[in-house]
Amino acid sequence: MNPVHKKFSRRARVATGGAVLAVVALAGFGAVSANASAPAAPPTTATSANAAARATTTSTHLTIDAATKAAQAALDAAEKENQRVTVAVVDRNGNTVVTLRGDGAGPQSYESAERKAFTAVSWNAPTSQLAERLEQAPNLKDIPGTLFLAGGVPVTAGNAPIAGIGVAGAPSGTLDEKFAQAGANSVAR
């Protein structure tokens, strides 16, 4: 046994260790509290503020509420015409935010709606227009995740795409796109 341990009883060693742990814990808590309550330091110079502004960007995205509203508006428009469709809303990066599969929509409509929405936001154009472009550039259809069939429309803010809405399942792409546009129009209001 260590000679230092022989001088102190077990009870004294436990009490000392507990006291040390309490002091360390309180010191750590005090440091965290001090950091949490200290106001953020403003940029020291205009140069550092300008550098930060050049190194960052701000983008606009639909909220989940707006995306859900748009999807529901597209689904409602389809249901008014007795069409069984699936509606997908993707964000600016093509990530699915909301998908609503209407009663009786075909199993293929889920993926098709997402791919149409992705395609519309990627090119900031309705997929019916993009389908026409395939005549000049047939390799476009080989890009993963895309679907060049009518039924997808972009949602824009300041002419920049912020989301895409895709609809699939109606008997024609023209109808799909009509319903997708109803969803996009609900966001613009």
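Quick note on numbering: the sequence shown equals residues -36 to -1, 1 to 153 in mature numbering (1 follows the signal peptide of the UniProt record, and there is no 0). Backbone N, C-alpha and C fix where the C-beta goes; we use that ideal spot for every residue, glycine too.
Given this structure, state the Cα-to-Cα distance separating residue i from residue j, to the nearest angstrom.
i      : j      : result
VAL51  : ALA95  : 19 Å
PHE82  : ALA121 : 17 Å
VAL53  : PRO90  : 14 Å
THR110 : LYS80  : 7 Å
PRO118 : GLY58  : 11 Å
PRO108 : GLY137 : 20 Å
ALA31  : VAL85  : 14 Å
Around the C-beta of residue i, are 16 or more other C-beta atoms found within 10 angstroms, so that it is buried, or is it exposed?
i      : result
SER23  : exposed
GLN47  : buried
ASP140 : buried
LYS142 : buried
GLU45  : exposed
Indicate the three-state DSSP secondary structure (helix, strand or coil) for residue i in the structure shown.
i      : result
LEU113 : coil
ILE126 : strand
LEU39  : helix
ALA134 : coil
ARG48  : coil
THR32  : helix
LEU94  : helix
With a Cβ-Cβ cutoff of 8 Å, do residue i and residue j count as a contact?
i      : j      : result
GLY133 : GLY116 : no
LEU26  : ALA127 : yes
ALA41  : ALA146 : yes
THR63  : TYR74  : yes
By Cβ distance below 8 Å, which residues in the same chain neighbour residue i in space, the five residues on each side in sequence not counted?
i      : result
LEU104 : LEU94, ARG97, LEU98, THR110 and PHE112
Please list, in chain order, all residues of the same chain as residue i whose beta carbon is under 6 Å from its beta carbon, the five residues on each side excluded.
i           : result
residue 154 : Nothing can be reported for residue 154, as the shown portion of the chain is limited to -36 through 153.
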